[in-house]
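Report on the structure given below.
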Amino acid sequence: MFAFFFQKRINKLYNLFIDKQAQLSLQQIIPEKKFIDIEGQLEEYSAQKKAQIQMLLQREGFQKEFIGNLAHELKTPTFNIQGYLLTLLEGGINDPSINLKYLQGAEKSLNRMIQILEDLDAISKFDSDRIELSLKPCLLLDLLEEIQEELHMKFKNNNTLFELEIPENIVVLADKKRIKQVFINLINNAIKYGKPNGKIRIDTTMVNHKVAVRVSDNGLGMASKHLERIFERFYRVEESRSRHLGGSGLGLAIVKSIIEQHGEQISVQSEVGLGTTFTFTLKKA
Ligand code: ADP
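Quick note: the sequence shown, position 271, residue 278 per our numbering, numbers continuous.
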């Protein structure tokens, strides 16, 4: 009688916490279970729910932060364009000392907005899993020589020494277009945050049957407190330098997404004043 009374109360408690499907099985289980087992199950259930709530709250926080950052990023170029155009409309168009300069300024800000939008587009495709990788064997040295050719003018203008130390026969299994994007983002950063007459070196090693690719520069480097955050969207070590150089703050977030889509990992090592090395793995084909 006493046990029956207790079990009825416990059933009621279960009904409060556990979903319909679980109730059915618990009703069958209760008569045979000891209270200690029931307590354990409830604790486990409560821990699961707590973790779920935590995850949802964190996701909500990320989303709010992302929208705030995005508005902040778009505000500056939009107001710049507005300022240039208003001055031109109010008569500046007839002033040869500013008309061309202001149009060029407006175009520069517009290019910044386009860069941000293109990067956002790439990121949102990754987020919604709309990207299907086309994995094919790819000769790494060929890909990097192609990139070297494309960035040739940038290297020349910055007097950057670009070194490739990649064995001729390394073939990786990768989506060529996306991995090219990874290299371009990392190399562009190495130039942007490099020293004048700096050096960029790309080499490979074999780690557990995988190819570990290293992209190193001898540029400004970063303090260790930044390293775990630089792959976050819009995170920058030096806001003004990044903006001035046309960065969207999304380049490394895109790099990380692409590497993770390949099921691989990326890490960074850096020392202020000495330089930075990004290392990521790729599957050997
Ligand atoms: P950004 O558009 O600002 O370059 P990224 O996501 O590409 O955005 O990089 C995030 C931040 O990480 C940069 O603002 C910069 O402060 C830092 N960073 C990235 N690459 C390097 C590098 N090779 N050397 C020094 N700092 C770097």
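Built from N, CA and C at the ideal position, the CB exists for glycine as well.
Whole-Å CB distance - residue i paired with residue j, under 8 Å assumed
{"i": "Thr211", "j": "Ile177", "result": "6 Å"}
{"i": "Ala230", "j": "Val275", "result": "So it is not a contact: roughly 12 Å between Cβ atoms."}
{"i": "Gly228", "j": "Gly282", "result": "5 Å"}
{"i": "Gln268", "j": "Phe73", "result": "Actually they do not touch by this definition, with Cβ atoms about 19 Å apart."}
{"i": "Lys187", "j": "Ile154", "result": "6 Å"}
{"i": "Ile191", "j": "Ile207", "result": "12 Å between Cβ atoms; not a contact."}
{"i": "Ile123", "j": "Val189", "result": "Contact flag wrong, Cβ pair sits at about 19 Å."}
{"i": "Arg185", "j": "Leu140", "result": "7 Å"}
{"i": "Thr284", "j": "Ala219", "result": "Not quite, the Cβ-Cβ distance comes to about 11 Å (not below 8 Å), so this is no contact."}
Cutoff 8 Å; reference residue i; Cβ partners in own chain excluding five residues on either side
{"i": "Lys263", "result": "Phe238, Ile273"}
Burial state of residue i (16 or more Cβ within 10 Å)
{"i": "His79", "result": "exposed"}
{"i": "Phe369", "result": "Absent from the model: residue 369. The displayed extent of the chain is 8 to 292, so no value can be given."}
{"i": "Asp128", "result": "exposed"}
{"i": "Leu158", "result": "buried"}
{"i": "His216", "result": "exposed"}
{"i": "Leu289", "result": "buried"}
{"i": "Ile88", "result": "buried"}
{"i": "Gly47", "result": "exposed"}
{"i": "Gly201", "result": "buried"}
{"i": "Asp44", "result": "exposed"}
{"i": "Ala58", "result": "exposed"}
{"i": "Pro174", "result": "exposed"}
{"i": "Gly68", "result": "exposed"}
{"i": "Ile209", "result": "buried"}
Sheet register partners of residue i (DSSP bridge)
{"i": "Lys206", "result": "Leu168"}
{"i": "Ile45", "result": "Paired residues: none, contrary to the question."}
{"i": "Asn213", "result": "Looking at the sequence provided, one finds Met at residue 213 rather than Asn. Answer is Val218, bridged to Met213."}
{"i": "Lys143", "result": "Ala181"}
{"i": "Thr94", "result": "In DSSP, Thr94 forms no bridge with anything."}
{"i": "Phe86", "result": "DSSP lists no partner for Phe86."}
{"i": "Ile273", "result": "Phe287"}
{"i": "Asp224", "result": "Ile207, Thr283"}
{"i": "Glu278", "result": "Gly282"}
Cutoff 6 Å; reference residue i; Cβ partners in own chain excluding five residues on either side
{"i": "Lys199", "result": "Leu252"}
{"i": "Val244", "result": "Met229, His233"}
{"i": "Tyr242", "result": "Arg236"}
{"i": "Ser249", "result": "Arg243"}
Contact set for residue i: own chain, Cβ-Cβ below 7 Å, skip 5 residues either direction
{"i": "Pro144", "result": "Val178, Leu180, Ala292"}
{"i": "Phe162", "result": "Phe169"}
{"i": "Ala260", "result": "Ile130, Phe238, Glu239, Arg240"}
{"i": "Asn166", "result": "Pro203, Asn204"}
{"i": "Leu142", "result": "Leu180, Ala181, Asp182"}
{"i": "Asn196", "result": "Gly258"}
Quiz item: Do the region 149-167 and the region 108-122 touch if we need at least three Cβ pairs shorter than 8 Å?
Solution: no
Practice problem: Check whether the region 206-224 touches the region 92-101, counting contact only when three or more Cβ pairs, one atom from each stretch, lie closer than 8 Å. | Solution: no
Practice problem: Count the CB pairs spanning the region 128-144 and the region 96-109 that are closer than 8 Å, and state whether there are at least three. | Solution: no
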